[in-house]
Amino acid sequence: MKPRPLPKIVAPLPDELLSGWLSRLAAANYCNDAELLAHIKIDTAHGTALDLNIDAVAAEKIASAARVAPDVVRSLTFPAMTPREASLTAQMPFQHCPQCSREGLSLKHWRRAWAFDCQVCGARLVQTLGKAGDEQVSEKLTYRARRGAGMLECAARSRGPRPLRRAMRAVAFAMSLKTFRGDPSFALQNPRSEVRLFCLAAIAAARSYPLAKAAIASHSIDDYARVALLRAFEKEPRLLVAVDHIAQRRARSTGPMTAEPRN
Ligand SMILES: [Zn+2]
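Residue 83 in the UniProt record's numbering sits at position 83 of the sequence shown, with consecutive numbering throughout.
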């Protein structure tokens with residue numbers, strides 16, 4: 001059975017995500033997202049579940065309720081992605097544009113791990129779990145992270161796998177320094193800006209300097225960091241030895257108080 005058309009409709013905007021448009025439709029009809037989906041007879045309470053995977057029946061239902069073509073509904077979801085693209089596209093919102101969000105917008109490009117500035121208004125995207133003082137992140141870090149984000153986009157879109165592998169190795173290295181565990185692609189989609197910005201900046205740094213040099217600029221290395229380094233450089237033992245050597249020399253020169261005990 002087709003759902004009745006909604007009393008009020010709003011047209012989707014370029015690059016808008018299906019879940020964001022559904023929220024705007026709900027607001028225009030004075031209800032919340034769950035009530036709207038129940039009215040359309042879609043068996044989910046969260047529109048975000050439809051952004052990556054919508055079946056033809058659900059698309060038909062939404063289309064007839066909102067009086068648009070089913071193709072328009074489908075165009076608001078992510079098309080089929082390569083595994084590489086999918087690993088760098090967040091399933092849930094992890095960042096947003098403070099200005100466009102106030103107008104109820106939720107845009108597709110915000111979900112990409114490499115998105116840094118809003119393509120609609122130019123404001124810097126902020127992490128969903130950002131702290132109040134996050135806008136005061138040093139300009140240098142922001143600048144480097146923005147460059148790293150641009151490099152990540154090029155790497156993700158390049159034909160061969162090597163540029164992305166290089167970028168992810170830099171991220172793994174940055175994670176080891178921040179003792180942040182998990183998958184590098186998740187670190188880039190981290191809802192906390194301190195992790196994400198540092199990892200993006202590392203991509204830019206790895207381009208400018210060999211990673212061994214990055215160890216000089218880093219803090220003393222603890223055991224977890226060593227394990228992470230081993231993983232990051234497992235195919236490049238010479239580079240690992242160089243990083244290790246620098247880290248040990250640094251530990252010695254900064255004195256026994258800061259050096260990690262080795263056994
Ligand atoms: Zn914006």
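Built from N, CA and C at the ideal position, the CB exists for glycine as well.
(message) Taking the alpha helix (DSSP H) that Ile62 belongs to, which residues open and close that run?
(response) Ala56 to Ala66
(message) On the DSSP letters alone, give me the boundaries of the alpha helix (DSSP H) that Cys31 sits inside.
(response) No alpha helix (DSSP H) holds Cys31; DSSP gives it neither H nor E.
(message) Let's see if you can read the secondary structure: which residues bound the alpha helix (DSSP H) around Gln99?
(response) Pro98 to Arg102
(message) I'd like to confirm something about Gln99: is its beta-carbon nearer than 6 Å to some heavy atom of ligand 1, or not?
(response) yes
(message) Tell me the DSSP secondary structure of Leu152 in three-state form.
(response) helix
(message) Quick check: does the Cβ of Val120 come within less than 6 Å of any heavy atom belonging to ligand 1?
(response) yes
(message) Assuming contact is defined by CB atoms lying nearer than 7 Å, are Arg181 and Asn190 in contact in what I supplied?
(response) no
(request) My understanding is that Ala56 touches Pro3, with C-beta atoms under 8 Å, so please give their C-beta distance in whole angstroms. (result) At roughly 15 Å, the Cβ-Cβ gap does not stay under 8 Å, so Ala56 and Pro3 are not in contact.
(request) Would you kindly check if the distance between the Cβ of Ser23 and the Cβ of Asp33 is under 7 Å? (result) yes
(request) Consult DSSP for Val73 and reduce its assignment to one of helix, strand or coil. (result) helix
(message) Measuring CB atoms only, is the stretch 163-170 touching the stretch 107-127, in the sense that at least three cross pairs come out at less than 8 Å?
(response) no
(request) Give the secondary structure of Gln89 by DSSP, where H, G and I count as helix, E and B as strand, and everything else as coil. (result) The sequence given here has Thr at residue 89, not Gln. Of the three classes helix, strand and coil, the one that applies to Thr89 here is strand, per DSSP.
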